[in-house]
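Protein chains in written order, with the working numbering: chain S, 1 to 407; chain Z, 1001 to 1574.
Cβ coordinates follow ideal geometry from the N, Cα and C atoms, glycine included.
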Ligand SMILES: Cc1cc2nc3c(=O)[nH]c(=O)nc-3n(C[C@H](O)[C@H](O)[C@H](O)COP(=O)(O)O)c2cc1C
Ligand code: FES
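This is the structure:
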């Protein structure tokens, strides 16, 4: 039976987020002190040795990313926390922001020291005003106590666009421009905010940092999946009994999450599929539930870990309906910059509506497949590249849902 | 020098090259749509995607750097499927009215559709139905045709710094819109038409007025007279399949006569006249302590720009009308008298490399003759279309002569077509007027060429005159900011709205790269070189005009007919 392991959520419910003294009493900011005493390359090596990979979806090695920014020569560098959390069904970052804001500040300050930055930004989802207020209070208290040294942090509120979670669109947005992704390379660690070397990490990624310094890289690397060590905070929704959050080591299987911690499906129904990673995640059929929720394990079956959202669908769900709703979401959230995403997301939605209205032909399914293939390999940014994956996986595993509607 | 392999061909390319540049090196043709060789990389159309070994994602050739050992496939099945699908997606929103389009047969999207054999588009045709914007007298926009490449936005905001166009809305609703209002006329647009050259399709173009001309020609009571601007001849040949510069002037005149123009005259004549007026204006300002530096005023895109963004510096603008408008004022007064034709019967047409001239001719103050001075402005492109329509064979056409009194010109008038030309023409005349000596060498090469801002100093018998030349309004803005700050060292500044000057004007044959502009500049100086007389003050027809009619530069008649005033535009643009 799988069990929770609260590393990222270590202080949840245990401290008052609005009292920095609570955090200090729990050993808070000791890791930052330790980091400030370390030489920068040792510090980055420690993060590399922990094998910590990004929790925002792309799974990039955190220490390597920091190293690029540390190596870059510049008069100014920036640390940005991606707290845009735009994936429907995901609220793990909010849990952290609202319950342990100082752990985030500590992680960011350690990063700032490692790369040589003195300014940080927290780009907070616009729909999280309460979290933003808590963050501001936490920053004020940390400044008051002087625990952050010369590292300054500002909170910026997003305006609700999903694409602004993409790191370069996020940077554009902080710069006051429309949230559209930038051409890469150059990548942010080389040229990011205002053209300066910039680290963008997810909330959950940063919160792991103080723990790694406290307990050591080897300790951390031994937890969970060897290629994506540590834990992952999952948020369960859909036809599952316990619609709540769990933090588990990354070796935990999907089955353990749903039937163990999640308490199985509601109303005694059978599972049809589970979508992991948010709206852009693939649908996983019942016969693949023994896959671990590690980054590479999920990639191997054509799925993603993404944000860690777990959306459970029972046997009565129709994927033609579900994917049509998802397609509308992406058509609405495409920024409109590149052709495959701008036109593709809209057409995908149109064709699915047509099929659901009983007007689809077999050729429409073939066209959807081709469109999905092209969008995923030719779109400008991750949004258009990932947008087709729910549909593509549904067409692969549940073709009958679509064929039944054809005319 | 990274070594890369493209479709099996090995090439070494300079550090920092893109896959697209490497492919050009290797002789491999990769299609593009949003890419423009003189603009920044946009990578938004995704037509140029290629397969790069080691990546599941296709990479945009226009933006992806070529790195050591890279192995690129530009025509694999995966690539072709992507390109074809992307084209189908674009075309499924695009009005299928190529036959009626201004850019028929000269459209990047149309060419791509042909190359990729787009036949039965599986995506349902859904045109947005936004309708055309016909709010300005010079340019129209047809946003239904827009492919959102954003090249027009860069031309307008980066090259011209006018910022009349921007992006609004997201996703499939995204569109290019005029800034500050619903229609182009509400924006700070100065109608230079550089967006037309940037547009790969027919989403922006000149207001076409061919039918108005044909109606005038069809009316037996009307005497249709035309002037031809200096930059027209050398580019017009391009429209009828000739190399730049190769269409001879007398054949062009014959062609216009064939179309039905009753009299063909030349704007070069008033270009020479402009030098007489503007040269004396400069000397007067220098002598009497008038506002300096003085700016040239031949380019209506530029004068609008000054009225819009630098209204505090309008007194620095020369009061001289542009050669087009000087011509218009004279053709219905002086020339009408000489020819004994009632001014009321004259329909005065001007053939221009310029879209802003359509606007200029419509300005209410441009009626010094008692009539609208210039009745109709047609661009080089429109005349090109008329030539094709009339099926003329320029190889066989017998040469014809201009009508008299306003068609003689010198090399100084010719070079008005290129950036630096007005300055050089002015210096040739001013030097001789002031010093009373003959110039040893009429070629002021320092003021020629494509560099954004050029400068020179000329010694007029002890008086140093410092001059500067800017072309493209982004460059003009830099020079103007200096003037505004009181830090300009110059006495006389030539500004042309369009990059390269009139040869790159918004009404010229669609100019895909600056390389074409350089070719045309070369043709301008060749024509100047071939002229027997190369100084405006030696133009005998101009001398006669002064003797018989104007009497002296800056005289009473000149002020009435050849000079104008400017008006600050709406402050919200500042
Ligand atoms: C469309 C799109 C939306 C994204 N949204 C988020 C988000 O809400 N939060 C986040 O941390 N990363 C998001 N990402 C991933 C970021 O681009 C980036 O990879 C991440 O912030 C890096 O942090 P990490 O290395 O700590 O994961 C998004 C990516 C794309 C393409
Ligand atoms: S030409 Fe490369 S993306 Fe448009």
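Interface partners of residue i on chain Z, CB under 8 angstroms
{"i": "residue 342 of chain S", "result": "1148, 1171, 1172, 1174"}
{"i": "residue 377 of chain S", "result": "1049, 1056, 1057, 1058, 1078, 1082"}
{"i": "residue 346 of chain S", "result": "1171, 1172"}
{"i": "residue 374 of chain S", "result": "1081, 1082, 1085, 1086"}
{"i": "residue 76 of chain S", "result": "Ordered by position in chain Z, no residue passes the 8 angstroms Cβ test against residue 76 of chain S, which lies about 24 angstroms from the chain."}
{"i": "residue 275 of chain S", "result": "Going along chain Z, no residue has its Cβ under 8 angstroms from residue 275 of chain S, so there is no contact; the nearest lies around 21 angstroms."}
Whether residue i touches residue j by CB criterion (8 angstroms)
{"i": "residue 231 of chain S", "j": "residue 247 of chain S", "result": "yes"}
{"i": "residue 1442 of chain Z", "j": "residue 1456 of chain Z", "result": "no"}
{"i": "residue 433 of chain S", "j": "residue 155 of chain S", "result": "Residue coverage of chain S in this structure runs from 1 to 407, which leaves residue 433 of chain S outside it and unanswerable."}
{"i": "residue 275 of chain S", "j": "residue 181 of chain S", "result": "no"}
{"i": "residue 168 of chain S", "j": "residue 62 of chain S", "result": "no"}
{"i": "residue 294 of chain S", "j": "residue 228 of chain S", "result": "yes"}
{"i": "residue 358 of chain S", "j": "residue 405 of chain S", "result": "yes"}
{"i": "residue 1276 of chain Z", "j": "residue 1536 of chain Z", "result": "yes"}
{"i": "residue 1044 of chain Z", "j": "residue 337 of chain S", "result": "yes"}
{"i": "residue 352 of chain S", "j": "residue 324 of chain S", "result": "yes"}
{"i": "residue 1575 of chain Z", "j": "residue 1091 of chain Z", "result": "The first residue shown for chain Z is 1001 and the last is 1574, placing residue 1575 of chain Z beyond what the model contains."}
{"i": "residue 1248 of chain Z", "j": "residue 1414 of chain Z", "result": "no"}
{"i": "residue 1264 of chain Z", "j": "residue 1403 of chain Z", "result": "yes"}
Coarse secondary structure for residue i, derived from DSSP in three states
{"i": "residue 126 of chain S", "result": "coil"}
{"i": "residue 1166 of chain Z", "result": "strand"}
{"i": "residue 58 of chain S", "result": "coil"}
{"i": "residue 944 of chain Z", "result": "The structure shown does not extend to residue 944 of chain Z, since chain Z spans only 1001 to 1574, so no value can be given for it."}
{"i": "residue 1411 of chain Z", "result": "helix"}
{"i": "residue 120 of chain S", "result": "strand"}
{"i": "residue 250 of chain S", "result": "coil"}
{"i": "residue 1223 of chain Z", "result": "strand"}
{"i": "residue 1195 of chain Z", "result": "helix"}
{"i": "residue 1380 of chain Z", "result": "helix"}
{"i": "residue 347 of chain S", "result": "helix"}
{"i": "residue 1359 of chain Z", "result": "helix"}
{"i": "residue 162 of chain S", "result": "helix"}
{"i": "residue 1326 of chain Z", "result": "helix"}
{"i": "residue 1119 of chain Z", "result": "coil"}
{"i": "residue 332 of chain S", "result": "helix"}
{"i": "residue 1490 of chain Z", "result": "coil"}
Neighbouring residues, chain S, relative to residue i (Cβ below 8 angstroms)
{"i": "residue 1063 of chain Z", "result": "183"}
{"i": "residue 1071 of chain Z", "result": "Residues of chain S passing the Cβ test: none, with the nearest at roughly 17 angstroms."}
Interface partners of residue i on chain Z, CB under 9 angstroms
{"i": "residue 359 of chain S", "result": "Those within 9 angstroms of residue 359 of chain S in chain Z number zero; the least Cβ separation is about 11 angstroms."}
{"i": "residue 380 of chain S", "result": "1043, 1044, 1046, 1060"}
{"i": "residue 385 of chain S", "result": "1057"}
N- and C-terminal bounds of the alpha helix (DSSP H) containing residue i
{"i": "residue 1607 of chain Z", "result": "Examination of residue 1607 of chain Z is not possible in this model, given that chain Z is present from 1001 through 1574 alone."}
{"i": "residue 1232 of chain Z", "result": "1232-1239"}
{"i": "residue 1540 of chain Z", "result": "1540-1545"}
{"i": "residue 1073 of chain Z", "result": "Taken as a continuous stretch (DSSP letters only), residue 1073 of chain Z belongs to no alpha helix (DSSP H), being part of the beta strand (DSSP E) at 1071-1073."}
{"i": "residue 376 of chain S", "result": "362-378"}
{"i": "residue 1339 of chain Z", "result": "1334-1339"}
Residues that residue i contacts on chain Z, provided the C-beta gap is smaller than 7 angstroms
{"i": "residue 371 of chain S", "result": "1085"}
{"i": "residue 168 of chain S", "result": "Chain Z residues near residue 168 of chain S: none, gap ~12 angstroms exceeds 7 angstroms."}
{"i": "residue 367 of chain S", "result": "1122"}
Where the beta strand (DSSP E) containing residue i begins and where it ends
{"i": "residue 1272 of chain Z", "result": "Note, residue 1272 of chain Z: premise wrong, no beta strand (DSSP E); alpha helix (DSSP H) at 1267-1288."}
{"i": "residue 83 of chain S", "result": "78-83"}
Residue i CB to nearest heavy atom of ligand 4 below 7 angstroms
{"i": "residue 248 of chain S", "result": "Ligand 4 is not among the ligands present in this structure, which contains only ligand 1 and ligand 2."}
(request) Note down, in chain order, all residues in the segment 1048-1062 of chain Z with a beta-carbon under 7 angstroms from any beta-carbon belonging to chain S. (result) 1049, 1056, 1057, 1058
(request) Residues of the segment 323-343 of chain S with a CB closer than 8 angstroms to any CB of chain Z: list them in chain order, please. (result) 331, 332, 333, 334, 335, 336, 337, 338, 339, 340, 342, 343
(request) Select from the segment 1105-1131 of chain Z all residues with a C-beta closer than 9 angstroms to any C-beta belonging to chain S, and list them in chain order. (result) 1122, 1123, 1124, 1126
(request) Would you list, in chain order, the members of the segment 1024-1039 of chain Z that have their beta-carbon closer than 7 angstroms to a beta-carbon of chain S? (result) none
(request) Please list the residues of the segment 1090-1101 of chain Z that have a C-beta atom closer than 8 angstroms to any C-beta atom in chain S, keeping them in chain order. (result) 1090, 1092, 1093
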